[in-house]
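In the numbering used here, the protein residues as written are 13 to 233.
Structure record follows, encoded as structure tokens.
Here it is as structure tokens:
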């Protein structure tokens with residue numbers, strides 16, 4: 013089983029400016045709004061809960077699909093999303109010293125919240141392991157997971173970070189999920205990546221995160 017790790021995503025995020033010239037792709041799907049009123053009119057909301065995303069409606073551009081295709085790995089997307097979820101950015105990375113991967117940045121707005129809730133679906137080809145928060149629950153990803161493997165979702169308390177925890181308050185992330193025949197793994201995270209792409213964000217709640225992980229499905233880039 014590929015266990016959870018927060019460090020790889022943080023390392024990628026801190027290197028984004030330097031990698032911009034050598035990355036396979038780093039294309040912004042849309043601007044990143046701070047409030048629901050700023051949702052770009054050209055960016056229609058993704059399907060609501062219970063509606064599966066067809067590959068052509070996953071909001072991923074042709075250029076980003078081509079960049080992911082060059083990684084030689086499947087594109088994995090969630091197919092069960094909260095209402096009004098949309099894809100705000102796609103970043104595809106490849107560098108000799110840090111391996112390769114991609115990150116899909118999702119946002120949605122809750123009626124009672126002034127700022128967006130943000131989460132990411134990530135792929136990375138290695139470098140896993142590391143600390144996890146004390147809270148966890150079992151999760152499944154039946155459409156993509158290696159049969160017979162057990163996976164968990166982890167989340168930090170609302171008093172993090174402190175001397176006992178390296179995580180932001182309420183950060184949520186899953187184990188890296190292995191897909192048969194694919195090096196590395198895929199995961200959902202919220203509150204781990206340090207980037208302007210997740211400014212003015214709330215982190216997703218564990219129950220919603222577990223539901224989204226269970227809907228991860230493989231599509232051809």
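Note that beta-carbon positions come from the ideal geometry of N, C-alpha and C, so glycine has one too.
Could you spell out the range, first to last residue, of the alpha helix (DSSP H) harbouring residue i?
i, result
"residue 78", "74-83"
"residue 6", "Since the first residue shown for the chain is 13 and the last is 233, residue 6 is missing from the structure and cannot be characterised."
Expressed to the nearest angstrom, what Euclidean distance is found between the alpha-carbon atoms of residue i and residue j?
i, j, result
"residue 181", "residue 168", "6 Å"
"residue 206", "residue 183", "12 Å"
"residue 95", "residue 134", "21 Å"
"residue 187", "residue 149", "11 Å"
"residue 89", "residue 112", "18 Å"
"residue 87", "residue 146", "31 Å"
"residue 128", "residue 98", "11 Å"
"residue 124", "residue 193", "43 Å"
"residue 74", "residue 81", "10 Å"
"residue 108", "residue 137", "12 Å"
"residue 131", "residue 158", "23 Å"
"residue 197", "residue 126", "33 Å"
"residue 76", "residue 222", "26 Å"
"residue 100", "residue 156", "24 Å"
"residue 228", "residue 153", "6 Å"
"residue 219", "residue 170", "16 Å"
"residue 231", "residue 72", "12 Å"
"residue 83", "residue 214", "30 Å"
"residue 161", "residue 140", "16 Å"
"residue 151", "residue 191", "15 Å"
"residue 195", "residue 226", "20 Å"
"residue 78", "residue 189", "23 Å"
The beta strand (DSSP E) with residue i in it runs from where to where?
i, result
"residue 107", "98-107"
"residue 89", "87-89"
"residue 186", "184-186"
Quick one: grab the DSSP three-state call for residue i.
i, result
"residue 210", "helix"
"residue 161", "coil"
"residue 150", "strand"
"residue 115", "strand"
"residue 189", "strand"
"residue 155", "coil"
Measure from the alpha carbon of residue i to the alpha carbon of each residue in the options, then state which is nearest.
i, options, result
"residue 166", "160, 72, 216, 85", "216"
"residue 211", "191, 218, 119", "119"
"residue 142", "185, 80, 152, 223", "185"
"residue 163", "195, 131, 199", "199"
"residue 122", "114, 93, 101", "93"
"residue 202", "106, 116, 104", "116"
"residue 224", "79, 213, 91", "91"
"residue 178", "189, 144, 151", "144"
In the DSSP output, which residue or residues are listed as bridge partners for residue i?
i, result
"residue 200", "133"
"residue 128", "213"
"residue 231", "87"
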